[in-house]
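K.L.:
Residue numbers (my numbering): 21 to 324.
#1: Which residue spans inside the stretch 244 to 309 form an unbroken beta strand (DSSP E) run of at least 3?
#2: Using the three-state DSSP reduction, which class does residue 176 fall into: helix, strand or coil?
#3: Please name the residue, chosen from 66, 199, 213 and 186, that lies closest to residue 137 on a Cα-to-Cα basis.
#4: How far does the alpha helix (DSSP H) with residue 231 in it extend, from its first residue to its last?
#5: As an exercise, report each continuous alpha helix (DSSP H) stretch of at least 4 residues that is fully enclosed by the stretch 106 to 194, in chain order.
#6: Measuring only the C-alpha atoms, how far is residue 195 from residue 126?
#7: Rounded to whole angstroms, what is the Cα-Cα separation between residue 278 and residue 175?
#8: In terms of DSSP beta bridges, what is residue 224 paired with?
#9: Assuming residue 314 and residue 171 are in contact, meaning their beta carbons sit under 8 Å apart, how far apart are those beta carbons, in whole angstroms?
#10: For residue 34, is the classification buried or exposed, using 16 other Cβ atoms within 10 angstroms of its Cβ as the cut-off for buried?
#11: Among the residues of its own chain, which have a CB less than 6 Å from the CB of residue 251, if the five just before and after it don't count?
#12: Between which two residues does the beta strand (DSSP E) harbouring residue 71 extend?
#13: Pick out whichever of 199, 28, 210 and 288 has its Cα sitting closest to the Cα of residue 74.
#14: Hey, how far is the Cα of residue 53 from the Cα of residue 228?
#15: Is the CB-CB distance between residue 193 and residue 221 below 9 Å?
#16: Are there 16 or more other CB atoms within 10 angstroms of the CB of residue 117, so buried, or fewer, so exposed?
#17: Starting from residue 42 and walking both ways along the beta strand (DSSP E), at which residues does that stretch end?
#18: Assess, as a yes-or-no matter, whether the stretch 137 to 150 is touched by the stretch 49 to 64 under the definition of 3 or more beta carbon pairs within less than 8 Å.
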């Protein structure tokens, strides 16, 4: 539900009352809502990316029945976001918050489960309203973690060229979008605009402790930059594929990161078997010309 985060202040004053008096004021208003953890779908994840990474809005045809949405995180210049009005409540009272954007989100998954998404949103204010009627539930396809693949390549190579098999047990992508509300003297209590600051992205993984894990631990010890791709495929698309960049024959989510391993934990145990956990911190790499990018392919021509 929407959280009303208006601030009520009680000034400190000495006016002859031990009890103090009920003088107060509200210097600012803000609203927020958390969505999660919920199953991620190819059709609905783009809304979080639109409001937290970059406004794309309309998919690019792949020639077949698919449309791709590519969300590149900013490097030298800020992106433009799509903001939303969110309605939430129950049969007693609905509320809405306008100018809503995503401050942070996580994508997490493990073998045998689906990808889960958790997102935090902020908006200008919480206002009582009535729900918008006559809405149609969308048809969606959930993303399954076991239908994902991991690729790790040198920064001088082609991302997605080297699949790391029988290794990835679970993964969590943590994204602080860097977007913050800014309050200025504009005659209103709510924030005037949103400002892009530096995003922070980390990828937490748990590996089967095998030769591939040992290789990446060595790259951590030597501070070697890496390109990492996580790819999750869904249902097959129909028609003839004509595009080359992100060539999709299926619904898909592709997460591309450049960065360095920040830490490797001590060898652990799961089900009587050795595992190891690690964290990659995304950073722009000039050789790869990459920071971070998430691409989605679905059969939605334009986000409604």
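By construction, the Cβ of each residue, glycine as well, lies at the ideal position given by its N, Cα and C atoms. Being a predicted model, the structure only gives us computed values, none of them experimental.
P.N.:
The structure says:
#1: Qualifying beta strand (DSSP E) stretches, in chain order: 246 to 256, 270 to 284, 288 to 290 and 293 to 302.
#2: Mapped onto the chain shown, residue 176 falls at position 156. When DSSP states are grouped into helix, strand and coil, residue 176 belongs to the coil group.
#3: By 1-based counting over the chain shown, the position of residue 137 is 117. For the options 66, 199, 213 and 186, the alpha carbon positioned closest to that of residue 137 is the one of 66.
#4: Looking up residue 231 in the chain shown gives position 211. DSSP places residue 231 inside the alpha helix (DSSP H), whose first and last residues are 231 to 241.
#5: Taking only runs of at least 4 residues, no alpha helix (DSSP H) segment lies wholly in the stretch 106 to 194.
#6: Locating residue 195 in the chain shown gives position 175, counting from the first residue. Locating residue 126 in the chain shown gives position 106, counting from the first residue. For residue 195 and residue 126, the distance between alpha carbons rounds to 6 Å.
#7: The residue you call residue 278 lines up with position 258 of the chain shown. The residue you call residue 175 lines up with position 155 of the chain shown. Approximately 8 Å, taken between the alpha carbons.
#8: Within the chain shown, the letter at position 204 stands for residue 224. Answer is 192 and 299.
#9: If you number the chain shown from 1, residue 314 lands on position 294. If you number the chain shown from 1, residue 171 lands on position 151. That belief does not hold up - the Cβ atoms of residue 314 and residue 171 are roughly 15 Å apart, past 8 Å.
#10: Walking along the chain shown from the start, residue 34 turns up at place 14. Residue 34 comes out exposed.
#11: Here the question's residue 251 lines up with position 231 in the chain shown. 169 and 274.
#12: In the chain shown, residue 71 corresponds to position 51, counting from 1. From DSSP, residue 71 is part of no beta strand (DSSP E) but of the alpha helix (DSSP H) over 65 to 72.
#13: The count along the chain shown starts at 1 and reaches residue 74 at position 54. The shortest Cα separation from residue 74 among 199, 28, 210 and 288 belongs to 199.
#14: One-based indexing of the chain shown puts residue 53 at position 33. One-based indexing of the chain shown puts residue 228 at position 208. About 36 Å.
#15: By 1-based counting over the chain shown, the position of residue 193 is 173. By 1-based counting over the chain shown, the position of residue 221 is 201. Result yes, Cβ atoms of residue 193 and residue 221 sit closer than 9 Å.
#16: For this step, residue 117 is matched to residue 97 along the chain shown. Buried is the call here.
#17: As a first step, residue 42 must be located in the chain shown, where it is residue number 22. Here residue 42 belongs to no beta strand (DSSP E), and DSSP marks it neither H nor E.
#18: Short answer: they touch.
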